[in-house]
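**Student:**
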Amino acid sequence: MMTMMMKTLPMLVIVLVMTSLVEEGRSHPCGSTYFSALVQLIPCRASVAPFSPIPPSEACCNAVKSLGQICLCEIVNGPPITGIDRNMALQLPDKCTANFEPCDFLK
200 MMTMMMKTLP MLVIVLVMTS LVEEGRSHPC GSTYFSALVQ LIPCRASVAP FSPIPPSEAC
260 CNAVKSLGQI CLCEIVNGPP ITGIDRNMAL QLPDKCTANF EPCDFLK
């Protein structure tokens, strides 16, 4: 009996952790996790690097538009990200002709 419980317990823990991750994703305002929203913006990295004169690519603009204003603002106002100029990230919607309201930049 004890052996059966020892085999079942790890599986139960895994199921509980996975369930909590799914619930976190559902309750997140972007409909996904913060990390997955960041991953979606990888095509924009060159355009938001400090001192970068590179305009956003079509892939970047598509990512910005599909992510949406709420998520973009949440990322910009989230924890600092090494190699990302927040002010340049705030300009992405204008450069991509996405009709978003401006983000309130929280320093």
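The numbering of the sequence shown is my numbering, which starts it at 200 and goes up by one.
Idealized CB from N, CA, C, for every residue including glycine.
(1) Note down the Cα distance separating Pro279 from Asn261, rounded to an integer number of angstroms.
(2) What residue range does the alpha helix (DSSP H) around Glu257 cover?
(3) Return the CA-CA distance between Cys229 and Lys264, expressed in angstroms with no decimal places.
(4) So what does DSSP say about Ser246, is it helix, strand or coil?
(5) For Val247, does the count of other Cβ atoms within 10 angstroms reach 16, so buried, or fall short, so exposed?
**Tutor:** With the structure as the only source:
(1) Within the sequence shown, numbered from 1, the residue matching residue 279 stands at position 80. Within the sequence shown, numbered from 1, the residue matching residue 261 stands at position 62. For the pair Pro279 and Asn261, the Cα-to-Cα distance works out to about 23 angstroms.
(2) Here the question's residue 257 lines up with position 58 in the sequence shown. Per DSSP, Glu257 belongs to the alpha helix (DSSP H) from Glu257 to Leu266.
(3) Position 30 of the sequence shown, counting from 1, holds the residue named residue 229. Position 65 of the sequence shown, counting from 1, holds the residue named residue 264. Roughly 13 angstroms between the two C-alpha positions.
(4) Position 47 of the sequence shown, counted from the start, is the residue given in the question as residue 246. Reduced to three states, the DSSP call for Ser246 is helix.
(5) In the sequence shown, residue 247 corresponds to position 48, counting from 1. Taking all protein chains shown into account, Val247 has 16 or more neighbouring C-beta atoms within 10 Å of its C-beta and is therefore buried.
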